[in-house]
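Worksheet for the structure shown next.
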Amino acid sequence: MNKLLEICKSIGILLLYILLPAILIEITKLQIIPYIVLAIIYTLIFKKEYLKIKEINKKTLITGFLCWITGLALMIITSAILEHFMKGLPQNEESIRDILSENKITMIITAIIFAPFLEETAFRLGFKKSIKNKYLYVIITSLLFGYIHVIGEKGIKLLFIIPYSIMGASFAIANVKTDNIYSSIIFHTLHNIISLLLVL
1 MNKLLEICKS
11 IGILLLYILL
21 PAILIEITKL
31 QIIPYIVLAI
41 IYTLIFKKEY
51 LKIKEINKKT
61 LITGFLCWIT
71 GLALMIITSA
81 ILEHFMKGLP
91 QNEESIRDIL
101 SENKITMIIT
111 AIIFAPFLEE
121 TAFRLGFKKS
131 IKNKYLYVII
141 TSLLFGYIHV
151 IGEKGIKLLF
161 IIPYSIMGAS
171 FAIANVKTDN
181 IYSSIIFHTL
191 HNIISLLLVL
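All residue numbers for the sequence shown refer to our numbering, where the first residue is 1 and numbers rise by one.
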């Protein structure tokens with residue numbers, strides 16, 4: 001019964017990430033406030049995990065960096081292969097470019113501050129207690145992470161799940177190795193900063 005409760009909690013935390021901002025944006029027409037609300041909710045749920053900021057050390061940073069740089073290299077390779085054969089970018093990339101051209105400040109704040117924090121919470125912390133097997137944890141959370149980033153794709157373009165899942169796996173492995181969410185939040189933030197700079 002406890003296991004079922006943990007699984008339901010994990011799904012609920014993920015659904016909060018997917019639905020709450022979309023609903024609040026639709027109701028309020030505000031872009032940033034819904035992410036602040038979700039960040040507050042997640043902080044209340046995972047206060048103990050966020051207090052591990054005091055435990056960030058050299059090992060946490062080196063492990064996070066090595067996982068991220070490996071994931072980044074594999075992501076670049078798989079993305080380049082897919083883009084070559086599909087003659088185009090994934091819809092997620094195109095959406096980011098569109099939003100950047102319309103509202104740079106909102107996109108930058110969302111991508112750099114909120115996305116890493118909220119995604120690492122939804123995918124990594126959200127499933128930490130419900131998936132005890134570390135291999136299953138990495139596989140499931142990275143596939144979910146990948147799928148969220150290709151949710152609007154159709155047909156063969158769904159293969160873009162591969163590079164996104166690779167990056168998700170690198171963040172999940174960092175979290176498993178360090179037991180500190182900041183090993184993935186920090187490098188997810190760095191990843192998004194570099195991605196935005198390249199697009200800009």
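By construction, the Cβ of each residue, glycine as well, lies at the ideal position given by its N, Cα and C atoms.
So is Cys8 buried or exposed if we call it buried at 16+ other beta carbons inside 10 Å?
exposed
Closer than 7 Å by C-beta to Pro21: which residues in its own chain qualify, once you throw out the five before and the five after it? Chain order, please.
The beta carbon of Pro21 lies closer than 7 Å to those of Pro34, Tyr35 and Leu38 in the same chain, with the five residues before and after it left out.
Have a look at Leu19 and Thr121 and give me their C-alpha separation to the nearest angstrom.
15 Å
Got a sec? Which residues, its chain only, sit under 7 Å from Leu125 by beta carbon, not counting five neighbours each side?
Phe46, Glu49 and Ile181
Indicate whether the contact test is met: 3 or more Cβ pairs, each with one atom in the segment 102 to 117 and one in the segment 128 to 145, closer than 8 Å.
no
Look at the Cβ atom of Gly71, then the Cβ atom of Ser170, and state whether they are nearer than 8 Å.
yes
In the DSSP assignment, find the alpha helix (DSSP H) that holds Ala115 and state where it starts and stops.
Taken as a continuous stretch (DSSP letters only), the alpha helix (DSSP H) holding Ala115 covers Ala115 to Glu119.
Report buried or exposed for His84, applying the criterion of at least 16 other Cβ atoms within 10 angstroms of its Cβ.
exposed
How would you label Asn192, buried or exposed, when you count the other beta carbons within 10 angstroms and need 16 or more for buried?
buried
What ranges does the beta strand (DSSP E) occupy inside the segment 134 to 160, keeping only unbroken runs of at least 3 residues that lie completely in it?
none
With Ile62 as the anchor, note down where its alpha helix (DSSP H) starts and where it stops.
Lys58 to Met86
Are the CB atoms of Leu143 and Ser165 within a distance shorter than 8 Å?
With contacts defined by Cβ atoms closer than 8 Å, Ser165 and Leu143 form a contacting pair.
Using alpha carbons as the reference points, say which of Ile27, Thr189, Tyr42 and Ile32 lies closest to Tyr17.
Tyr42
Please report the Cβ distance between Ala174 and Val138, rounded to the nearest whole angstrom; I am assuming they are in contact, meaning their Cβ atoms lie under 8 Å.
That pair is no contact at about 10 Å.
Hey, how far is the Cα of Met75 from the Cα of Met167?
6 Å
For chain D, check one thing: does any of its Cβ atoms lie closer than 8 Å to the Cβ of Tyr50?
Among the chains in the structure shown there is no chain D, since it carries only a single protein chain.
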